[in-house]
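A.B. asks: For the protein sequence lines, the chains are B and Y, in the order given. The numbering used here puts the first residue of the first sequence at 1, with every later residue one more than the last. The numbering used here puts the first residue of the second sequence at 1001, with every later residue one more than the last.
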Amino acid sequence: MKQLKKYIFGVLFILIIISCTKSVSTPNDENEHESINRVELIFTDNGATPKSYIVEDPDGDGGNPPSRIDTIFVITGKQYSVSVKLFNISSGVVKEVTASIVSQAAAHELYFIPSGITAVIQKTDKDKNGYPVGFQSNWQFSTTGSGSILLKLMHKTALKGANDGPNVGHSDIQTSMPTIIK
Amino acid sequence: MALSISLAQSQKCKIVLSGVVVDASNNAPLDRAVVEIRELGLKFITDLEGHYHFYNLCEGNYTMVVNHISCDSITLKIQIQKNLIKNFRLPHSLNELETVSVSAKKDITLNTIKEELSNKIIDATRGQSLGEILKNVNGVAVLQTGSTIFKPVIHGLHSQRILLVNNGVRLESQQWGSDHAPEIDPFIADKFIVLKGAGALRFGNDAIAGAVLIEPKPLPKKAGKMGEINTTYFSNSRQYVINGMFEASPINLPEFSYRIQATYKKGGNAKTPDYWLYNTGLEEFNYSATAGWRKNRFNTEFFFSSFQTSLGIFLGAHVGNLTDLQNAIESSRPIQNIDQFSYDIIRPSQSVHHVTAKSKIQYLFLNDHKLNLVVSYQNNQRKEFDRALLSPRPELDLAMTTTIVDVNYESASSKNSQYSFGTNATLQENIWTGSRFFIPNFRSQNVAMYVTHAININKWMIDGGIRYDFKSLTTYRNKSDAVSSIDRTFGNPSGTIGSTYKINSKLKWLFNTTFAWRAPQVNELYVNGLHHGTASFEIGDPNLNSEKAVNFSTQFKYQYDSSWKLDLTIYNNIINDFINIIPTTPATLTLRGAYPTFKYIQTNAILRGVDFSLQKNITTHLSTGTKTALLWAVDQKTNDWLIQMPANRIEGNITYSFNTKYLKQSEIEFSWLHVMEQTRVLKNFVDYIQPPSAYNLLNLDFGTQIMFSKKSINFRITIFNLLNERYRDYMNRFRYFNDESGRSINLRCKIKL
Chain B
1 MKQLKKYIFG VLFILIIISC TKSVSTPNDE NEHESINRVE LIFTDNGATP
51 KSYIVEDPDG DGGNPPSRID TIFVITGKQY SVSVKLFNIS SGVVKEVTAS
101 IVSQAAAHEL YFIPSGITAV IQKTDKDKNG YPVGFQSNWQ FSTTGSGSIL
151 LKLMHKTALK GANDGPNVGH SDIQTSMPTI IK
Chain Y
1001 MALSISLAQS QKCKIVLSGV VVDASNNAPL DRAVVEIREL GLKFITDLEG
1051 HYHFYNLCEG NYTMVVNHIS CDSITLKIQI QKNLIKNFRL PHSLNELETV
1101 SVSAKKDITL NTIKEELSNK IIDATRGQSL GEILKNVNGV AVLQTGSTIF
1151 KPVIHGLHSQ RILLVNNGVR LESQQWGSDH APEIDPFIAD KFIVLKGAGA
1201 LRFGNDAIAG AVLIEPKPLP KKAGKMGEIN TTYFSNSRQY VINGMFEASP
1251 INLPEFSYRI QATYKKGGNA KTPDYWLYNT GLEEFNYSAT AGWRKNRFNT
1301 EFFFSSFQTS LGIFLGAHVG NLTDLQNAIE SSRPIQNIDQ FSYDIIRPSQ
1351 SVHHVTAKSK IQYLFLNDHK LNLVVSYQNN QRKEFDRALL SPRPELDLAM
1401 TTTIVDVNYE SASSKNSQYS FGTNATLQEN IWTGSRFFIP NFRSQNVAMY
1451 VTHAININKW MIDGGIRYDF KSLTTYRNKS DAVSSIDRTF GNPSGTIGST
1501 YKINSKLKWL FNTTFAWRAP QVNELYVNGL HHGTASFEIG DPNLNSEKAV
1551 NFSTQFKYQY DSSWKLDLTI YNNIINDFIN IIPTTPATLT LRGAYPTFKY
1601 IQTNAILRGV DFSLQKNITT HLSTGTKTAL LWAVDQKTND WLIQMPANRI
1651 EGNITYSFNT KYLKQSEIEF SWLHVMEQTR VLKNFVDYIQ PPSAYNLLNL
1701 DFGTQIMFSK KSINFRITIF NLLNERYRDY MNRFRYFNDE SGRSINLRCK
1751 IKL
């Protein structure tokens, strides 16, 4: 029985040591998340003042739907140089993450898909394999009208090819922006 | 004349010797007893009911030897002239070193419907995962995620409604996830027992569907050493498995014995009949060590195991949003795929490390009553990697620790009565650190008390048990540096009563009634996040209450002349406040696109079904069998079917056994499986794709034992999906994306050293 008592006391001592963890009661901030929840399209028209159009969802996935979806206004006959910037908003802190995605350009591609309008869009930047990326592009509109542009950032690890369609890969961003052409 | 002599001899050599081996102290059947006819060199290992049988014996005098690990052996001379039923009652060994869990288990599961995997099935499935092994039990299906993740489903229920008891310790890990496979190396065990129904109260109140006992063989009791090497190769995924085991008890220290064991597994992409599935490889390394000490009335054992796995998730099944999912479904072949073989594991993937440490101690009092104490510690680290976006961190990163203390007092076995009582306490903590919130940190404490009693009255064997559990659950959340905690408490009794009535020597009737309950899990209460693998947004309900289940089950077992064996099980599981996850509106809108929303709700459910099996030995060499599992699962509130339930199935086999001079215990088996289309699906929910059609699978298996320099080598070749059938299964969550694996030629070799 002496052996039994020693054993029980030994076990209780180990249990007390094991049980004294504090980190369970100091959890991480669940509002901090590594997602892209703000997208900015910057339109530059031949030296004119650049115009920004923004979509954002500050509380990330779930919770409230995106709180801001700007309408893009453009004019026929002009050529726009469009650059895309991506941001992470976490606990109210806005952090640009474009460079992080650009550094993984060989596994990503941006698509701009018009709906109800006609647009000629040409991507001008390339990844290390010479495949298009889409952070820099030229846009032209020939007829007036209103519709939308679907913006997709496709994640293409091990899948990216020269002329992939917009359904190859997995969607990192998929958001539609109303567009008016005058 | 020669013909008549030959006929007379052949008639004389058709005698059947059969019977049952029981524990002399309480008449409980003894499984795994070895019955040997010494002169003929024939051995038979008794089944769960203690049965043994020998066919085609000739008249004569024989020496029979009966051994069991927990009992003294019996040697007996018998004379055989005609078919004979000979039963054996084995006395308990005084220097018994039965494991604490097993000794405690016997009384509590006496009248629970159970099925143990045969040695043949264990040998034929070596190298496969636990879920794949268990689906050989009638009434057990698997919930599958791709070709590498298998979770057992007993009578339609899975995850936290099933207890997995590994070497006497209930597995505590993130079992709530439908894509989280059990962290157990099946090579640890030489015994797999599935308890159907809620009768496993000894291990917890929440085994609403049943329990699986995974048990290693006891440590060696006699001085000596033994080793074993197992290797397996699966042609489909080019997966190889190697396992080694060594055990010994030193001659100069016979009180001490130990065992070490390790397994390494590496597999590549799986292949359907038409294409490879990219990123479906796995790599696994597991090891364990056990050491035991026994002296006088004091026995103790320490056990440590480590399970570590990395597995890829099929690239084409990891969708970004609902649009991706629809695109994937509309394509006849996976569009996000690279149709080639590779051992590489890239994101998306899972990485899991599970450690178990256990200490158990048994003290045998002078009156042969026993005190058992088991203390265990488990640490589970789970990392799930979606596609990397802004950093290489895992999106889901959970660390869970669990400590369980179990004290049990057991009366000495007597012929008519046995009782036990005990208490156990559990402390569990879970911490998340991934780049995305899914479930909160929590601390859970559970205290339980239980008592069991078993009695024998004439032809009746009756047992029962009651248990009371009290559970507290504290969750901790941090929203923009505002930390809050929520406390929930749950307390309920649970109980079981069962009986076996021996109608005659051939027919036995068992019935069991159990009341069990299960407190809601943290994910069901508080989950709030994106589940990428399923392209769904899951939302918990913090107001959920405990599930309460009343389970009735009955079993008829009929055995005629050792050549017919029939088993019929009928069950009815009524679960009030059944926690279910159902699709709801509106869809969740994010910058990644739209996701269907799923919410946890409570309803009342009934799951009823039938398991039936029949075996017939046609001749000495030829036998056949069939089994079927039928299930009806209904949501009583909506009067609709419950989602994600296994389809009805029927399977059969025909086996030819033979021995030659060089090939011992050889057999060739041809088996087929028919899985019906699941037509019992939700009426008011249109799934992305209709349940897959019914399918048939044919398999061929050949196993033999070769004696080589006094060592035995077991060799087995199995061709799975012989016809390379193209099919999908309703219980595979990846049925939306790809076909199941095609033909695989599996080679297995076991060498005893």
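Just so it is clear, CB atoms sit at the ideal spot from N, CA and C, and this is done for glycine as well. Quick caveat, the model's predicted, so the values are computed rather than measured.
#1: Please check if any C-beta of chain B sits within less than 7 angstroms of the C-beta of Y/L1398.
#2: Could you give the distance in angstroms between the alpha-carbon of Y/D1739 and the alpha-carbon of Y/T1272?
#3: Are Y/T1496 and Y/S1472 touching if we call contact CB-CB under 7 angstroms?
#4: What is the C-beta distance between Y/I1439 and Y/V1527, in whole angstroms, given that I count them as a contact (C-beta under 8 angstroms)?
#5: Between Y/I1757 and the rest of its own chain, which residues show a CB-CB distance below 7 angstroms, the 5 nearest in sequence each way excluded?
#6: Roughly how far, in whole angstroms, is the beta-carbon of Y/H1155 from the beta-carbon of Y/L1631, given that I think they are within contact range, below 8 angstroms?
#7: Please work out which residues of its chain come closer than 8 angstroms, Cβ to Cβ, to Y/Y1736, disregarding the five sequence neighbours upstream and downstream, and give them in chain order.
#8: Chain B beta carbons: is any one of them nearer than 7 angstroms to that of Y/F1256?
#9: I want to see whether chain B comes within less than 7 angstroms of Y/I1313, judged by CB atoms only; does it?
#10: Only counting the same chain, and skipping five residues up and downstream in sequence, which positions put a Cβ closer than 6 angstroms to that of Y/E1301?
#11: Using a 10 Å radius around the Cβ and a threshold of 16 neighbouring Cβ atoms, would you call Y/L1157 buried or exposed?
#12: In the segment 1614–1655 of chain Y, which residue ranges form an unbroken alpha helix (DSSP H) of at least 4 residues, counting only runs that do not cross its ends?
#13: Taking just the CA atoms, how far does B/N37 sit from B/I89?
#14: With a cut-off of 7 angstroms, does the C-beta of Y/T1496 fall near any C-beta of chain B?
#15: What residue does the alpha helix (DSSP H) around Y/A1262 start on, and which one ends it?
#16: Pair every Cβ in the segment 1056–1070 of chain Y with every Cβ in the segment 1034–1045 of chain Y, then say whether three or more of these pairs are closer than 8 angstroms.
#17: Using the Cα positions of Y/E1667 and Y/L1622, report the straight-line distance between them to the nearest angstrom.
#18: On a Cα-Cα basis, can you pick out the residue from B/S35, B/L153, B/I42 and B/T76 that is closest to B/A105?
#19: Do three or more CB pairs link the segment 1390–1406 of chain Y to the segment 1167–1176 of chain Y at distances below 8 angstroms?
#20: Does the pairing of the segment 1341–1356 of chain Y with the segment 1278–1291 of chain Y give three or more beta-carbon distances under 8 angstroms?
#21: With distances taken Cα to Cα, identify the nearest neighbour of Y/R1592 among Y/N1523, Y/L1389 and Y/P1493.
#22: Could you tell me which residues DSSP pairs with Y/P1029 in its beta bridges?
#23: From Y/Y1275 to Y/F1304, what distance separates their C-alpha atoms?
#24: Classify B/T175: buried if its beta carbon has 16 or more other beta carbons within 10 angstroms, exposed otherwise.
#25: For the alpha helix (DSSP H) that Y/N1523 lies in, which residues bound it at each end?
#26: Ignore the nearest five residues each way along the sequence and tell me which others in Y/N1424's own chain have a CB closer than 6 angstroms to its CB.
#27: Please list, in chain order, the chain B residues whose beta carbon lies closer than 7 angstroms to that of Y/H1766.
#28: Under 8 angstroms Cβ to Cβ from Y/A1002, same chain only, skipping five residues before and after it: list those, please.
#29: How about the segment 1692–1699 of chain Y and the segment 1225–1244 of chain Y: do they share at least three Cβ pairs that are nearer than 8 angstroms?
#30: May I have the straight-line CA-CA distance separating B/S83 from B/G165, to the nearest angstrom?
#31: What are the partner residues of Y/S1749, as DSSP defines its beta bridges?
#32: Name, going along the chain, the residues of the segment 1575–1596 of chain Y whose beta-carbon falls closer than 7 angstroms to a beta-carbon of chain B.
#33: Can we say the segment 128–145 of chain B touches the segment 68–84 of chain B, given the rule of at least three CB pairs closer than 8 angstroms?
#34: Output the boundary residues of the beta strand (DSSP E) element that contains Y/L1427.
#35: How many angstroms separate the CA atom of B/I113 from the CA atom of B/M177?
#36: Consider the C-beta atom of Y/G1281 and the heavy atoms of the ligand NAD; say whether any pair is separated by less than 6 angstroms.
C.D. replies: With the structure as the only source:
#1: Using beta-carbon distances, Y/L1398 does not count as an interface residue toward chain B, since no partner is under 7 angstroms.
#2: Rounded to the nearest angstrom, the two C-alpha atoms are 6 angstroms apart.
#3: With contacts defined by Cβ atoms closer than 7 angstroms, Y/T1496 and Y/S1472 do not form a contacting pair.
#4: About 5 angstroms separates the two Cβ atoms, so the contact holds.
#5: Because residue 1757 of chain Y is not part of the residues shown, which for chain Y are 1001 to 1753, the question remains open.
#6: Their Cβ separation, rounded to whole angstroms, is 7 angstroms, which keeps Y/H1155 and Y/L1631 in contact under 8 angstroms.
#7: So the qualifying residues of the chain are A1317, L1325, A1328, I1329, Y1688 and I1689.
#8: No, Y/F1256 does not count as interfacial toward chain B.
#9: No, Y/I1313 does not count as interfacial toward chain B.
#10: Excluding sequence neighbours, Y/E1301 sits near G1292 and K1360.
#11: By the neighbour-count rule (16 or more Cβ atoms within 10 Å), Y/L1157 is buried.
#12: Taken in chain order, the complete alpha helix (DSSP H) segments of 4 or more residues contained in the segment 1614–1655 of chain Y number zero; there are none.
#13: B/I89 and B/N37 have their C-alpha atoms some 6 angstroms from each other.
#14: Interface annotation, Y/T1496: not in contact with chain B, CB-CB separation never under 7 angstroms.
#15: Run containing Y/A1262: none in the alpha helix (DSSP H); it sits in the beta strand (DSSP E), F1256 to G1267.
#16: Yes, since at least three Cβ pairs between the segment 1056–1070 of chain Y and the segment 1034–1045 of chain Y fall closer than 8 angstroms, the two stretches touch.
#17: CA-to-CA, the gap between Y/E1667 and Y/L1622 works out to about 10 angstroms.
#18: When only C-alpha atoms are compared, the closest one is B/L153.
#19: Yes, the segment 1390–1406 of chain Y touches the segment 1167–1176 of chain Y.
#20: With a cut-off of 8 angstroms, the segment 1278–1291 of chain Y and the segment 1341–1356 of chain Y count as touching, because enough Cβ pairs lie within range.
#21: Of the residues Y/N1523, Y/L1389 and Y/P1493, the one whose Cα lies closest to the Cα of Y/R1592 is Y/L1389.
#22: DSSP lists Y/V1022 as partners of Y/P1029.
#23: Rounded to whole angstroms, Y/Y1275 to Y/F1304 spans 41 angstroms at the Cα level.
#24: Counting other Cβ atoms within 10 Å of its Cβ, B/T175 reaches 16 or more and is therefore classed as buried.
#25: V1522 to Y1526 is the extent of the alpha helix (DSSP H) around Y/N1523.
#26: Scanning its chain for C-beta atoms nearer than 6 angstroms, with the 5 sequence neighbours on each side dropped, one finds around Y/N1424 the residues D1406 and A1448, in chain order.
#27: Because chain Y spans 1001 through 1753 in this model, residue 1766 of chain Y falls outside it and cannot be assessed.
#28: Residue placement at Y/A1002 cannot be trusted, given a pLDDT of 39 that sits under 50; what the coordinates show is reported in the next sentence. Take Y/A1002, set aside five residues on each side of it, and no residue of its chain has a beta-carbon closer than 8 angstroms to its own.
#29: These segments do not touch.
#30: Going by the C-alpha atoms only, they are around 21 angstroms apart.
#31: What sits at residue 1749 of chain Y in the sequence shown is Cys, not Ser. Residue pairing by DSSP puts Y/C1749 in a beta bridge opposite Y/T1231 and Y/F1715.
#32: Listed by position along the chain: T1588, L1589, T1590, L1591, R1592 and G1593.
#33: Because the criterion of three Cβ pairs below 8 angstroms is met, the segment 128–145 of chain B and the segment 68–84 of chain B touch.
#34: Here the beta strand (DSSP E) through Y/L1427 covers S1417 to W1432.
#35: Cα to Cα, the separation comes out at about 10 angstroms.
#36: The ligand NAD is not among the ligands present in this structure, which contains no ligands whatsoever.
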